[in-house]
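Numbering (the numbering used here), first residue to last: 382 to 807.
Heads up, the thing below is written out as structure tokens.
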Amino acid sequence: MLQLNTIRQDAEGVIAALAKRHIDARPAVEALLALNEQRRHLQSETESQQAQANALAKSIGQLFREGKAAEAESMKAESAAIKERLGELATSLHALEEKERAQLIALPNMPHAAVPAGKHADDNEVVRTWGELPQLSEGHVPHWELAERYKLIDFERGVKITGAGFPVYTGQGARLQRALIQFFLDRNTAAGYLEIQPPLFINEASGFGTGQLPDKEGQMYHITEDNLFAIPTAEVPITNLLRDEIVAQSELPIKMTAYSPCFRREAGSYGKDVRGLNRLHQFDKVEIVCVEHPDHSYTRLEEMVAHVASLLEDLGLHYRILRLCGGDMGFTSALTYDFEVWSAAQARWLEVSSVSNFETFQANRLKLRYRSEEDHKPYLAHTLNGSALALPRIVAALLENNQGPEGIRLPEVLVPYTGFARITGS
RNA sequence: GGUGAGGUGGGUGAGAGGCUGAAACCACCAGUUUGCUAAACUGGCGUACGGGAAACUGUACCGCGGGUUCGAAUCCCGCCCUCACCGCCA
């Protein structure tokens, strides 16, 4: 959530920034400011009443100790009157606070100045493209056919035991999953990220901290009996590790990586977009998360982008980097880079990573702060995260782009992990 | 699943209706002193939201939410969580 102070100090700036998302935030911001003013007014009044009540209670106690019980008794009536008034004030104050908070939580993050204007995915800015279009030989097929031919993934049995969108990896397919996970984790830890193995279920507070709740609960699997949610990404448990904490400035940046299965309900999708590995209810992903000083978060973002790029280059995948336009960015992000790899047989780009700087937006919900070395006061930290990387679409591209008459050739970097250089189905 | 104990500041941990935003110790910060490091000593040291140009100041916060009381960290009720032991179990 945005910082109230920012809105109070520069409401016009906030409205202008949010306009980039193609939303007119003016009514919401103005309503918020009005609520805020009412609240502060009411708070002052409540607190002065409270101060009176406190003072009164103190003198009554004093009188009792001095043995002036009669005088004390007479003051009790006054105290009761204040208390009654205080009760009313407190009730309306709470109601106002609630409204103010609801209003504040509903505002998305302000896009960074570098975010391109635009409404739709078509308006995203292509920052850079790497590699060559793969040349496929005659008779190439999409990855779901390859997966079947080489017995890598059993979609039908996945449907039997769970449902659509829950693939079963088998043989060289399963081995490839494990190899990719380990390859990514190795590369991430070599780049200074601390490996974490997080819980796969999170509670409500965690879901709120990173922005999945309260609005996006429909996208998560909910275990109602225990009120837990299956994680949609490792970002949630990893970032929440530092919720409600004040870390020393000297500890920044905090760099973490985690592999986890990710669970997404993704209701309402159908057709070729969800064919094969394009979109799943359960998939594997290795995530990177950084907690950084505000002065350095954009340098850190670039570093993360360069790191993800190096992974794709090692895998030899033709990719492009997009800077998302205001209309296409996520609710919590200030600046997002998407990575897309070319899926040769489908002849389309597939998103495999999204690297974002959330600035203080998540930190404000998380109460994640660092203690400044300059004035020893706590300030909200910046949080960033990115996929490094999401497996299914990487697998789709690897299969499709490297297919040939003698099976599917794997990139060299994976061979030590898979133990085979070519997928042949045997 | 059963039984018991307990949740207090960055940490350990006292407090058991008013003198407690909270002892003491550790950690941390500043200073004094001493060739350096260390030690010793002195002082400081929670967070949030208000008010104020600032110095400063008000209120709240002892797991969360209610209640009793003139007054609650302290008493009562509900909830959550943690720990220990037993049972079951990878």
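Ideal Cβ placement from N, Cα and C applies to all residues, glycine included.
In this text, all values refer to a predicted model and were calculated from it rather than measured experimentally.
- Annotation: alanine 769 to lysine 597 spans about 23 Å, alpha carbon to alpha carbon.
- In this structure, the alpha-carbon of glutamate 426 lies about 47 Å from that of isoleucine 669.
- Runs of the alpha helix (DSSP H) spanning 4 or more residues and lying entirely within the segment 591-651 occur at 616-621, in chain order.
- Alanine 409 is a Cβ neighbour of glutamine 484, given a cutoff of 8 Å.
- Between valine 672 and proline 634, the C-beta gap is smaller than 8 Å, which places the two residues in contact.
- Cβ neighbours of threonine 551 within its own chain (closer than 8 Å, five residues either side excluded): Lys532, Leu533, Ile534 and Asp535.
- With distances taken between CA atoms, histidine 501 lies nearest to Arg402 out of Ile486, Glu452, Arg402 and Gly442.
- Residue environment analysis places glycine 785 among the exposed positions, since fewer than 16 neighbouring C-beta atoms fall within 10 angstroms of its C-beta.
- Contact between glutamine 630 and proline 613 does not hold, since their C-beta atoms are separated by about 31 Å, which reaches or exceeds 8 Å.
- Within the same chain, Gln484 come within 7 Å of alanine 412 by CB-CB distance, once the 5 residues on both sides are set aside.
- DSSP places alanine 458 inside the alpha helix (DSSP H), whose first and last residues are 450-486.
- In the displayed model, alanine 502 falls within a helix according to three-state DSSP.
- In the three-state scheme derived from DSSP, where H, G and I count as helix and E and B as strand, serine 429 is classed as helix.
- Closest in alpha carbon position to leucine 747, among Asp756, Thr387 and Leu761, is Leu761.
- The continuous beta strand (DSSP E) containing glutamate 576 extends over residues 575-577.
- Apart from sequence neighbours up to five positions away, the residues of its chain that approach alanine 771 with a beta-carbon distance below 6 Å are Lys666 and Val733, ordered along the chain.
- By the CB criterion at 8 Å, glycine 546 and leucine 698 fall outside the cutoff.
- In the DSSP assignment, asparagine 766 falls within the unbroken beta strand (DSSP E) covering 763-771.
- Nearest Cα to lysine 480 within the set Leu416, Pro642, Thr805 and Glu452: Leu416.
- Collapsing the DSSP output to three states places threonine 570 in a helix.
- When the alpha-carbon of glutamate 616 is set against those of Arg421, Asn738, Ala487 and Gln424, the nearest one is in Asn738.
- For aspartate 405, the three-state secondary structure derived from DSSP is coil.
- The C-alpha of alanine 406 is placed about 28 Å away from the C-alpha of histidine 674.
- Contact between the segment 435-451 and the segment 511-528 is absent: fewer than three C-beta pairs spanning the two stretches fall below 8 Å.
- Collapsing the DSSP output to three states places leucine 703 in a strand.
- Classified as buried, valine 776 has 16 or more neighbouring CB atoms from the shown chains inside 10 Å of its CB.
- A residue is called buried when at least 16 other Cβ atoms come within 10 angstroms of its Cβ; leucine 575 does not meet this threshold and is exposed.
- Contact between the segment 713-724 and the segment 683-703 is present: 3 or more CB-CB pairs across the two stretches fall below 8 Å.
- In this model, glutamate 454 and threonine 472 are separated by some 28 Å (Cα to Cα).
- Assignment of beta-bridge partners to proline 759 by DSSP yields Arg752.
- A straight-line Cα-Cα distance of about 31 Å links asparagine 569 and glycine 539.
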